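Single-structure report; data block below.
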Amino acid sequence: MKKLYLLLAIFVAALNLRPIITSVAPLLGTLQGDLGMSGLTASLLTTFPVLCMGIFAPAATALRDRWGLERTIFFALILITGATALRGIVSSVFILVVSALIGGIGISLAGPLLSGFIKKYFPTKPSIISIYSASMTIGAAIASAYSIPIYNRSHHSLTLTLSCWAILGVIALLVWSVFLRNRAGQKSLVRSKLPIHNKRAMLLTLFFGLMASMFYSVTAWISPIAHSFGYSPASSAMLLTIFTIIQIPVSLTVPGLVARFGKRRFFLILCSVSELIGIVMLLLHLPMLPAVICLGLGAGGLFPLALMLPIVETNTSEEAGAWSAMSQCGGYIIGAMGPLLIGAIYDYSGSFNAALLSMLVITVAMIGVQLLITRRKTEGQESY
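Residue numbering for the sequence shown follows UniProt numbering, beginning at 1 and increasing consecutively.
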């Protein structure tokens, strides 16, 4: 199969891994007003998928062993597309929560298996993970940026606004249907297990969790932080958009630089220090745009590196999928707790300063884990 088509398959699949979450975020206030949602129920629409991405990630390896890598990814895309389309039937709290649950399960299966897919078809090119991470960021940014315009132009139709993203899923299913007609989709003869006794795999899981905790905390709270600093609602929303968009070129660039020059530790810590600088700038109440840019640069580099590490640490697609499943299982569960922790600290202290200090501690801890991950590697060994 032509490599260009394989890259297209990775791109369109990853494009579907975030719209079901990010299309809801800009409309939470509207959903609460129109459907009488409580704040807790509304938060479930974004928390459920992230928790599912962690809880159900281990199931990805079991289904892959039974059905085959490509068929399992195809099934995951069916779940995501179906859950998104379900929101077009009727606008109700029950449908929204159920679709968030189903979509989260689909994402939990596709996420780690796409890493295995890259390991299978591009075993010597781990930098291909940049296509995966950048596409996922693009999907998140598009859904977040266009939800309000689509809502306004559709005469305030919540069903159309939230379900139109199923079009991306239909496109992905058409592309991936090719894999069902060849031997590539046959089930695996290898039975893989999660590397729960492997110390390096555990460190990667902890790193993924700290990285995801920072990412989701910034995503959830950067606009409220800006508003508390005196920024207008429009400016606060724009800062979140900038944080998201700036990650796209970074996520495309960093994996290639690591693959070319090695020095994994340097790029991991560089991205973390960028986040550290952004948090310090917020603590000092400096202008938020430079701070958000630093946070976006850091997040844009750390996420593809977190996806890339299981690939370069393993020898087969089965191993890569198992390591990715474990790192995403624990990582997303930890990550989902990040915004809740920040919110609880803010409620208790009445100020974002204490919350920002906790984010500072998380980032410092992440740097410590990165040093542990890379301490056994020499510079020569780090050049993939």
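All C-beta atoms, glycine included, are put in the ideal place defined by N, C-alpha and C. All figures in this text were calculated on a predicted structure; none of them were measured in a lab.
Residue i - DSSP class collapsed to helix/strand/coil
i	result
K263	coil
E319	helix
W165	coil
K3	helix
R66	helix
L28	helix
L194	coil
L357	helix
Q381	At Q381, the pLDDT of 45 sits below 50, so the modelled position is not reliable; the number obtained from the coordinates is stated separately. Q381 falls in the coil class under three-state DSSP.
K199	helix
H227	helix
F179	helix
S157	coil
I89	coil
residue 407	Any question about residue 407 goes unanswered here, given that the chain covers just 1 to 384.
Residue i, enclosing alpha helix (DSSP H) - first and last residue
i	result
E70	69–86
S115	93–121
residue 399	The chain is shown only over 1 to 384; residue 399 falls outside these bounds and no answer can be derived.
F243	233–245
I21	19–22
C-alpha gap between residue i and residue j, whole angstroms
i	j	result
E318	W221	37 Å
M214	A355	12 Å
A110	P249	23 Å
P195	I102	26 Å
T124	I311	10 Å
R264	M211	16 Å
A166	R375	44 Å
G29	A145	16 Å
Burial state of residue i, where buried means 16 or more other Cβ atoms lie within 10 Å
i	result
N34	At residue 34 the sequence reads Asp, which differs from the Asn that was named. Exposed.
P339	buried
F352	buried
D65	buried
N16	buried
V90	exposed
R260	exposed
V24	buried
residue 418	In the structure displayed, the chain extends from 1 to 384; residue 418 sits before or after that span and is not available.
What ranges does the beta strand (DSSP E) occupy inside the segment 281–354, keeping only unbroken runs of at least 3 residues that lie completely in it? none
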